[in-house]
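Here the structure comes first, spelled out in structure tokens, and everything after it is commentary.
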Amino acid sequence: MQPGTPAAVVRADRVLTCSAAAGEQGVHRGLHRREAQRRCPGLVVLVEDPSGSAVAFERVLTVVERFVPAVEVIRPGVCACRSAGVSRYAGRRRSKAGDRSGDGSGGHLAEEYGNDVDLAGRLAAAVGHGCRVGIADGLFAAGLAARRGLVVQPGATREFLAPWPVRDTLGRPELADLLVRLGVDTLGDFAALPPGAVLSRFGPDGARAHRLARGLEERPLALRQRADGLTVSVELDPPVDRADRAAFAVKALADGLHERLAAHRLVCTRVAIEAVTERGERLVRLWRQDGTPASSTVAERMRWQLDSWISGAGDRSSGRPTSGLVLLRLTADEVTPDDGHQLDLWGATNETDERVARAVARVQGMLGVDAVTTAVPGGGRGPADRITWTVWGEPRVPRLPESAPWPGHIPSPSPATVHGEPVPAEITDGDGLVLAVSGRHALSAPPAWLSVAGGRRVPAVAWAGPWPVDERWWDPAGRRRLARLQVVTADGAARLLALRGGRWWVEAEYD
Amino acid sequence: MDRHVDRHQVLPPIVTAALPTALPVLPALRPLLPGNGLRRGGVVSVSGGPGATSLLLALLAGTSAVGGWCAVVNLPTLGPAAAAELGVDLERLVVVPSPGRRWAGVVAGLLDGFDVVAVRPPGRVGPGDARRLLGRARERGATLLTVGDWSGAGLRLSVSAPRWQGVGGEGRGRLRARCLTVRTQGRGAAAQPRLARLWLPAPGGGCTAAPAAPAAPFTESGGRAATTAAGTGS
Numbered sequence: 037m038q039p040g041t042p043a044a045v046v047r048a049d050r051v052l053t054c055s056a057a058a059g060e061q062g063v064h065r066g067l068h069r070r071e072a073q074r075r076c077p078g079l080v081v082l083v084e085d086p087s088g089s090a091v092a093f094e095r096v097l098t099v100v101e102r103f104v105p106a107v108e109v110i111r112p113g114v115c116a117c118r119s120a121g122v123s124r125y126a127g128r129r130r131s132k133a134g135d136r137s138g139d140g141s142g143g144h145l146a147e148e149y150g151n152d153v154d155l156a157g158r159l160a161a162a163v164g165h166g167c168r169v170g171i172a173d174g175l176f177a178a179g180l181a182a183r184r185g186l187v188v189q190p191g192a193t194r195e196f197l198a199p200w201p202v203r204d205t206l207g208r209p210e211l212a213d214l215l216v217r218l219g220v221d222t223l224g225d226f227a228a229l230p231p232g233a234v235l236s237r238f239g240p241d242g243a244r245a246h247r248l249a250r251g252l253e254e255r256p257l258a259l260r261q262r263a264d265g266l267t268v269s270v271e272l273d274p275p276v277d278r279a280d281r282a283a284f285a286v287k288a289l290a291d292g293l294h295e296r297l298a299a300h301r302l303v304c305t306r307v308a309i310e311a312v313t314e315r316g317e318r319l320v321r322l323w324r325q326d327g328t329p330a331s332s333t334v335a336e337r338m339r340w341q342l343d344s345w346i347s348g349a350g351d352r353s354s355g356r357p358t359s360g361l362v363l364l365r366l367t368a369d370e371v372t373p374d375d376g377h378q379l380d381l382w383g384a385t386n387e388t389d390e391r392v393a394r395a396v397a398r399v400q401g402m403l404g405v406d407a408v409t410t411a412v413p414g415g416g417r418g419p420a421d422r423i424t425w426t427v428w429g430e431p432r433v434p435r436l437p438e439s440a441p442w443p444g445h446i447p448s449p450s451p452a453t454v455h456g457e458p459v460p461a462e463i464t465d466g467d468g469l470v471l472a473v474s475g476r477h478a479l480s481a482p483p484a485w486l487s488v489a490g491g492r493r494v495p496a497v498a499w500a501g502p503w504p505v506d507e508r509w510w511d512p513a514g515r516r517r518l519a520r521l522q523v524v525t526a527d528g529a530a531r532l533l534a535l536r537g538g539r540w541w542v543e544a545e546y547d
Numbered sequence: 291m292d293r294h295v296d297r298h299q300v301l302p303p304i305v306t307a308a309l310p311t312a313l314p315v316l317p318a319l320r321p322l323l324p325g326n327g328l329r330r331g332g333v334v335s336v337s338g339g340p341g342a343t344s345l346l347l348a349l350l351a352g353t354s355a356v357g358g359w360c361a362v363v364n365l366p367t368l369g370p371a372a373a374a375e376l377g378v379d380l381e382r383l384v385v386v387p388s389p390g391r392r393w394a395g396v397v398a399g400l401l402d403g404f405d406v407v408a409v410r411p412p413g414r415v416g417p418g419d420a421r422r423l424l425g426r427a428r429e430r431g432a433t434l435l436t437v438g439d440w441s442g443a444g445l446r447l448s449v450s451a452p453r454w455q456g457v458g459g460e461g462r463g464r465l466r467a468r469c470l471t472v473r474t475q476g477r478g479a480a481a482q483p484r485l486a487r488l489w490l491p492a493p494g495g496g497c498t499a500a501p502a503a504p505a506a507p508f509t510e511s512g513g514r515a516a517t518t519a520a521g522t523g524s
């Protein structure tokens, strides 16, 4: 692929990473694939290849390591460095994030250094084309700065963050939707809300997002002073010289760390993967993420590390290991107490969600994307109005707002069977005349017989109503006048009928 | 292995999350099911007249409430509001309303990732399909619920004798609650038939146990609607 081609790596119809050329046209991580293609018509869409990206990214990491001592990987293609550094603003922490695109794998490169703008230039030159670099206080702001390749003055983070929209920056789509509906469109507006109110309204996750919007670290700094993390390690005997032979040990380690963190109800934001060979050569790689990763994710990362180290990807100064691996160690750094993200009965939610997403994707492959739907509760009066069926994966937005009072709506219990297209019915009184509803909202006579869709007549034994509804009376096109009636027949079946346009219909059944 | 534990924190007891052998169900349904839950890898069929769909949703509710994922296939008239009132979390409910002829393949695909898959087969189920889906469910530890009869079902639930409360013959009030009889019959551990009387939906929502034997169901009448057995008005 040509260097300047706009490209994006996509997973489950969401953009994971994109090249600099695509980024310039407004494509960024988290965007829906269709939206990305709309913004950038010439976009080349690539399927995710995590292990290939990880191995390729090793090359970038080795380049970066020449500039800074400790590089943290956020995901293949994204890495962050944080150094207390020689900064002209003594004591201030600054992070820088950069974007790099190569053969389909985008990357953020975050780094902290003294002469920031100069460093940005040097890194971009060293890493290669497509590297976007941004500098700011804190990782979140640095990530946003990297999208535009900016350097933010220290202390000006909050002003820099203010004009960004909440929607695609916080990485929390439901919270962003809610904020937009409340009228909070930008990070600046969100940051202006009082922290106590945000915590009580949106919960701990919202409070964390609020801290990000204000330019602070996601978790309070004091907790990061824990010097000791949780470590699990395993010795390999006999020494292992191929990554796949260590697979079992890797999985056991990852599971062990995960269990330990879960048992102590801790969340770690950084994991250090370490491998030592017989001759004492060491490889340490730091991985950063949001919350505790699933053990399968950690095991996968360990395999990529070992793969790329053993196969000698990149021009590491230490070179390939000359002897077999004898020790593997996982350390959870920066552990903080878990504050509400519960593991459910089935273990880590990540794995479950992945399994579900794969199953859904398979069904969508068989029947088409629109075949799999989910229900979003909303407002409205009739049973069919109160539910919006959305395609799986689309944002869950109800057609009518739930918060409005909707006087005259069907009360609970709701019917278990709702006909999308009402079924014609005939309800007659004792003399065989079809029932009518008068202007005073009274039935012409008590119902006696009900026949659905021309079927057999069954006696009606109990009824409630009629409940008149006159919706949108001011709109000649959208006006709906109907009267609803609940009818119970002799077989115990209860139905919701509606009289509309002079005819009776079955809207729903209490099945 | 050397372990290094942070000693500053008081450690709560270790929680082992073992995979349960039976999916949880609502408390009112526990007496009906062997093992007090839906057996993983089993097939349960729900049949009978009015009330079968509500019973199906009530069976899903227990799993959904603890974080499980549920899928419903070939029920385009499903009422999600009723599901939510019984306790199903709509964010973890996936519906494939019209699978067409490939419904068996769709169900097989969903059994891979979901904890409970409910299906209403569009016609007669061939024995090959039934065997294949049973095998897939067993292999994945998922439960298959079917609306209508299923030849290899390990457990069969049927509903009968619905009685509504809240409406009468005068047009006052509204439907509030329904009393149902649920019978179970099955193989193996479920060989002993069980019977229970439930409120589904219960007066306050949800599904609860109802006492004693039912009175006579609604009586037939020609002409004017009868007020008998209608329960208390609102």
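From first to last, the protein sequence lines are chains A and B. If you read the first sequence in the working numbering, its first letter stands for residue 37, the second for the next number, and so on. If you read the second sequence in the working numbering, its first letter stands for residue 291, the second for the next number, and so on. In this text, a Cβ means the ideal position worked out from N, Cα and C, and glycines have one as well. Small disclaimer: the values here were computed from a predicted structure and weren't measured.
As for any beta strand (DSSP E) of minimum length 3 sitting wholly inside the segment 401-434 of chain A, the runs are 409-413 and 423-427, ordered along the chain. Going by C-alpha positions, Leu-486(A) is about 12 Å away from Leu-532(A). By the CB criterion at 9 Å, Gly-157(A) and Leu-197(A) fall outside the cutoff. Residue environment: Pro-483(A) is assigned as buried (16 or more neighbouring CB atoms within 10 Å of its CB, all protein chains considered). Below the 7 Å Cβ cutoff, chain B contributes no neighbours of Arg-47(A), its closest Cβ being approximately 16 Å away. Collapsing the DSSP output to three states places Leu-186(A) in coil. In the displayed model, Gln-61(A) falls within coil according to three-state DSSP, outside both helix and strand. For Ile-423(A), at least one C-beta of chain B is nearer than 9 Å to its own C-beta. Under the Cβ distance rule, Ser-344(B) counts among the residues neighbouring chain A, one pair being separated by less than 9 Å.
The beta carbon of Ala-43(A) sits no closer than 9 Å to any beta carbon of chain B.
For Val-45(A) and His-64(A), the gap between their C-alpha atoms comes out near 10 Å. Annotation: Leu-447(B) has no Cβ neighbours in chain A at a cutoff of 9 Å; minimum Cβ distance is about 15 Å.
Of all residues in the segment 435-468 of chain A, the ones placed with a Cβ closer than 7 Å to any Cβ belonging to chain B are Pro-447, Ser-448, Pro-449, Ser-450, Pro-451, Ala-452, Thr-453, Val-454, His-455, Gly-456 and Gly-466, in chain order.
Cα atoms of Val-396(A) and Gly-399(B): separation of roughly 8 Å, rounded to the nearest angstrom.
The beta carbons of Leu-361(A) and Thr-426(A) sit no closer together than 9 Å. A check of alpha carbon separations from Pro-370(B) across Val-385(B), Val-415(B) and Ala-480(B) identifies Val-385(B) as the nearest.
Beta-bridge pairing by DSSP links Ser-441(B) to no other residue. Not a single CB atom of chain B sits nearer than 9 Å to the CB of Trp-541(A).
Take Gly-415(A), set aside five residues on each side of it, and the residues of its chain with a beta-carbon closer than 6 Å to its own are Leu-436, Pro-437, Glu-438, Ala-440 and Trp-442, in chain order. Relative to the Cα of Gly-496(B), the nearest Cα in the group Arg-330(B), Ser-344(B) and Gly-325(B) belongs to Ser-344(B). Counting of Cβ neighbours within 10 angstroms places Pro-493(B) among the exposed residues, the total staying below 16. Counting along the chain, Thr-205(A) sits inside no alpha helix (DSSP H), nor does DSSP assign it H or E at all. Contact check for Trp-499(A) against Arg-520(A) fails: the beta carbons are separated by 9 Å or more.
For the segment 349-406 of chain B, the continuous alpha helix (DSSP H) assignments of 4+ residues that do not extend past its boundaries occur at 370-376 and 393-403, in sequence order. With the criterion set as a beta carbon lying under 8 Å from some beta carbon of chain B, the members of the segment 478-492 of chain A are Leu-479, Pro-482, Pro-483 and Ala-484, in sequence order. Of all residues in the segment 399-429 of chain B, only Gly-399, Leu-400, Leu-401, Asp-402, Gly-403, Phe-404 and Asp-405 place a beta-carbon less than 9 Å from a beta-carbon of chain A. When 7 Å is used as the limit between beta carbons, Arg-398(A) is near these residues of chain B: Gly-399, in chain order. With respect to the C-alpha of Arg-330(B), the residue from Arg-320(B), Pro-321(B), Pro-314(B) and Ser-337(B) having the closest C-alpha is Pro-314(B).
With contacts defined by Cβ atoms closer than 9 Å, Val-454(A) and Leu-368(B) form a contacting pair.
For Thr-98(A), the secondary structure class from DSSP, reduced to helix, strand or coil, is helix. Residue contact check for Thr-367(B) against chain A: a CB pair falls below 9 Å.
Residue-level contact check: Pro-413(A) touches chain B, since one or more beta carbons of chain B fall below 9 Å from its beta carbon. Under the Cβ criterion (8 Å, minimum of three pairs), the segment 329-342 of chain A counts as touching the segment 288-306 of chain A.
The C-beta of Glu-545(A) comes closer than 9 Å to at least one C-beta of chain B. Of all residues in the segment 478-494 of chain B, those with a C-beta nearer than 8 Å to a C-beta of chain A are Pro-491, reading in chain order. The residue from Asn-364(B), Gly-463(B) and Cys-360(B) with its alpha-carbon nearest to that of Leu-328(B) is Cys-360(B).
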